[in-house]
Amino acid sequence: MIIFYLKEAYEDNYKKKRKVGRIMGFKKDFIWGAATASYQVEGAAYKDGKGLNIWDVYCKQPGNVFEDQNGDVACNQYELYKEDVQLMKELNIKAYRFSINWARIIPEGTTAFGGTVNEAGIDYYNRLIDELIANGIEPFITLYHWDLPYELQVKGGWLNDQIVDWFAEYATLIAKRFGDRVKNYFTVNEPEVFLGLGYREGTHAPGLKLGDREFMRCVHNMLKAHGAAVRALRANCPQPVKIGMAPTGAFCYPETESPEDIAAAKEAMFAMDKNPTGAIWNFALVCDPVMLGHYPDSAIENFKDVMPEITEEDMKLISEPVDFFGFNLYNGVMTKMGKDGKPERVKRYDGFPKTAIQWPVTPEAIRWATKFLYERYGKPIYITENGMSCHDWVALDGKVHDPNRIDFYHRYLIELKKSAEEGTDIEGYFAWSLMDNFEWTNGYHDRFGIIYVDYPTQKRIVKDSGYWYRDMIAENGENL
Numbered sequence: 390m391i392i393f394y395l396k397e398a399y400e401d402n403y404k405k406k407r408k409v410g411r412i413m414g415f416k417k418d419f420i421w422g423a424a425t426a427s428y429q430v431e432g433a434a435y436k437d438g439k440g441l442n443i444w445d446v447y448c449k450q451p452g453n454v455f456e457d458q459n460g461d462v463a464c465n466q467y468e469l470y471k472e473d474v475q476l477m478k479e480l481n482i483k484a485y486r487f488s489i490n491w492a493r494i495i496p497e498g499t500t501a502f503g504g505t506v507n508e509a510g511i512d513y514y515n516r517l518i519d520e521l522i523a524n525g526i527e528p529f530i531t532l533y534h535w536d537l538p539y540e541l542q543v544k545g546g547w548l549n550d551q552i553v554d555w556f557a558e559y560a561t562l563i564a565k566r567f568g569d570r571v572k573n574y575f576t577v578n579e580p581e582v583f584l585g586l587g588y589r590e591g592t593h594a595p596g597l598k599l600g601d602r603e604f605m606r607c608v609h610n611m612l613k614a615h616g617a618a619v620r621a622l623r624a625n626c627p628q629p630v631k632i633g634m635a636p637t638g639a640f641c642y643p644e645t646e647s648p649e650d651i652a653a654a655k656e657a658m659f660a661m662d663k664n665p666t667g668a669i670w671n672f673a674l675v676c677d678p679v680m681l682g683h684y685p686d687s688a689i690e691n692f693k694d695v696m697p698e699i700t701e702e703d704m705k706l707i708s709e710p711v712d713f714f715g716f717n718l719y720n721g722v723m724t725k726m727g728k729d730g731k732p733e734r735v736k737r738y739d740g741f742p743k744t745a746i747q748w749p750v751t752p753e754a755i756r757w758a759t760k761f762l763y764e765r766y767g768k769p770i771y772i773t774e775n776g777m778s779c780h781d782w783v784a785l786d787g788k789v790h791d792p793n794r795i796d797f798y799h800r801y802l803i804e805l806k807k808s809a810e811e812g813t814d815i816e817g818y819f820a821w822s823l824m825d826n827f828e829w830t831n832g833y834h835d836r837f838g839i840i841y842v843d844y845p846t847q848k849r850i851v852k853d854s855g856y857w858y859r860d861m862i863a864e865n866g867e868n869l
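Structure representation (structure tokens):
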């Protein structure tokens with residue numbers, strides 16, 4: 390009995406000490422933002438000297454995209470950017486993560502073969518950046534969000550080793566033209582998707598199905614290009630900048646908070662698939678080289694016969710120091726420790742909640758993913774995408790009511806707040822998406838925005854979730 394009371398007193402004292410030193414809620418300078426991607430919102434596909442990109446071409450091939458839709462017009466942000474910035478300001482959005490359309494500023498992708506810089510494209514992004522800053526919104530640039538210049542794809546795209554130099558040239562131009570005002574950059578968005586689906590499975594642009602050896606060369610070239618861009622940005626921006634990348638992957642979270650289940654979820658999240666098709670979705674394959682300076686041992690072993698030559702200089706380039714770790718998260722897999730001592734996926738129960746795009750709703754994933762990634766890599770974290778597709782329409786009252794999306798954001802942000810309070814260094818959160826847009830092969834079938842877009846008229850309507858997000862930002866999440 391004495392031992393029981395001593396144990397209880399010790400645990401109470403520990404909890405009190407932990408509470409005193411614990412962060413309560415999100416940090417005061419937490420960055421609340423929204424995100425888009427160039428091909429998904431800009432439109433103006435053939436205006437002002439822009440070159441073709443792989444999605445311009447891929448969408449014109451019948452059967453590649455839902456109802457053969459394309460991003461030729463999309464949300465026409467190219468012309469309506471001022472209206473969109475005003476809506477961001479109205480919604481208290483503190484930062485806008487957008488991507489540069491590479492072919493808009495270098496139509497041929499590089500000047501190495503006689504290509505030129507498109508000043509009209511540069512002017513557009515200068516106007517957008519200036520408009521954001523004038524309205525108190527911090528610009529966060531993503532260099533590459535999937536729209537590779539078509540002329541570079543003709544030369545092999547990510548399979549061509551020269552893409553490292555092409556990407557560095559592109560990053561240098563961005564640094565010199567925008568770096569006096571833009572302080573935060575992401576090099577690549579979801580390489581798992583643009584390589585895994587675009588170059589391996591053939592279901593995204595450019596629609597290739599490469600073999601193991603060619604695919605792993607693409608992965609290695611992408612990582613070297615990332616490192617080259619980091620070097621180029623630091624060398625050419627006229628002010629100190631912060632740089633990261635924005636991967637995604639197979640997120641795992643524990644069934645219970647037992648040490649065994651937590652260990653199982655963490656192990657599963659970084660375990661290496663033996664086939665490149667599965668391995669590309671594993672965080673360790675892409676992120677360990679960048680963050681830790683080496684490929685996972687299991688990747689070297691599994692793919693030793695198909696990996697390109699990897700030099701010491703390659704790894705120095707790939708692991709150029711970054712300032713933060715961004716990642717996109719929508720759902721995860723519940724995991725437990727199996728009876729055999731190995732991680733085991735927990736089957737979802739019948740009728741498990743799903744979004745309109747049929748993705749499971751698993752808010753716990755954002756808590757545990759941030760914890761696991763911070764423990765492994767030790768870098769401040771940005772959630773660079775999080776949100777849901779709903780069946781949205783304009784109601785009879787002229788408004789767009791999306792209570793499911795509000796509930797989704799509320800649940801995920803509660804879990805993100807828990808992670809912050811438990812010691813994870815979380816710098817900011819970008820809702821996906823600022824507005825409904827062209828959702829790649831799903832075309833305009835799915836709506837992720839907190840702003841509704843009526844595509845025939847280009848009219849914008851702030852959804853209920855947009856106003857909810859505005860109020861939550863004003864409270865810095867204290868009202869969650």
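Going by our numbering, the sequence shown opens with residue 390, and the numbers climb by one from there. Glycine is no exception: its CB is placed at the ideal position from the N, C-alpha and C atoms.
Please say whether residue j and residue i have beta carbons closer to each other than 8 Å?
i: residue 518; j: residue 504; result: no
i: residue 872; j: residue 668; result: Since the first residue of the chain shown is 390 and the last is 869, residue 872 is not available in this structure.
i: residue 654; j: residue 643; result: yes
i: residue 855; j: residue 802; result: no
i: residue 823; j: residue 772; result: no
i: residue 777; j: residue 837; result: yes
i: residue 590; j: residue 637; result: no
i: residue 605; j: residue 547; result: no
i: residue 342; j: residue 711; result: With the chain running from 390 to 869 in the structure shown, residue 342 is simply not present.
i: residue 575; j: residue 634; result: yes
i: residue 370; j: residue 466; result: Residue numbering for the chain in the displayed model covers 390 to 869; residue 370 lies beyond these limits and cannot be assessed.
i: residue 553; j: residue 614; result: yes
i: residue 535; j: residue 578; result: yes
i: residue 501; j: residue 532; result: no
i: residue 458; j: residue 727; result: no
i: residue 732; j: residue 656; result: yes
i: residue 477; j: residue 420; result: no
i: residue 474; j: residue 442; result: no
i: residue 486; j: residue 424; result: yes
i: residue 755; j: residue 816; result: no
i: residue 789; j: residue 781; result: yes
i: residue 573; j: residue 529; result: yes
i: residue 437; j: residue 545; result: no
Please state whether DSSP places residue i in a helix, a strand or coil.
i: residue 766; result: helix
i: residue 488; result: strand
i: residue 556; result: helix
i: residue 855; result: helix
i: residue 579; result: coil
i: residue 848; result: strand
i: residue 585; result: helix
i: residue 360; result: Nothing in the structure corresponds to residue 360, since the chain is present only between 390 and 869.
i: residue 737; result: coil
i: residue 637; result: coil
i: residue 660; result: coil
i: residue 774; result: strand
i: residue 527; result: strand
i: residue 482; result: coil
i: residue 503; result: coil
i: residue 651; result: helix
i: residue 865; result: coil
Since residue i contacts residue j with CB under 8 Å, what's their CB separation in whole angstroms?
i: residue 556; j: residue 594; result: Going by Cβ atoms, the distance from residue 556 to residue 594 rounds to 17 Å, so no, they are not a contact pair.
i: residue 464; j: residue 720; result: Rounded, the Cβ-Cβ distance is 25 Å, inconsistent with contact.
i: residue 609; j: residue 697; result: 5 Å
i: residue 839; j: residue 858; result: 6 Å
i: residue 586; j: residue 592; result: 5 Å
i: residue 539; j: residue 445; result: 7 Å
i: residue 562; j: residue 498; result: Not confirmed; about 11 Å, so no contact.
i: residue 849; j: residue 472; result: 7 Å
i: residue 709; j: residue 619; result: 4 Å
i: residue 722; j: residue 639; result: 7 Å
Decide if residue i is buried, meaning its Cβ has at least 16 other Cβ atoms within 10 Å, or exposed.
i: residue 588; result: buried
i: residue 450; result: exposed
i: residue 808; result: buried
i: residue 484; result: buried
i: residue 551; result: exposed
i: residue 410; result: Unreliable placement is indicated for residue 410, whose pLDDT of 42 sits below 50; no coordinate value is reported for it.
i: residue 627; result: exposed
i: residue 768; result: buried
i: residue 647; result: exposed
i: residue 791; result: buried
i: residue 758; result: buried
i: residue 752; result: buried
i: residue 672; result: buried
Going along the chain, which unbroken runs of the beta strand (DSSP E) with 3 or more residues stay wholly within the stretch 403-458?
The stretch 403-458 contains these whole beta strand (DSSP E) runs: 420-424.
Fully enclosed by the stretch 693-730, which beta strand (DSSP E) runs are 3 residues long or longer?
Scanning the stretch 693-730 from its first residue to its last, the whole beta strand (DSSP E) runs of 3-plus residues come out as 714-717 and 722-726.
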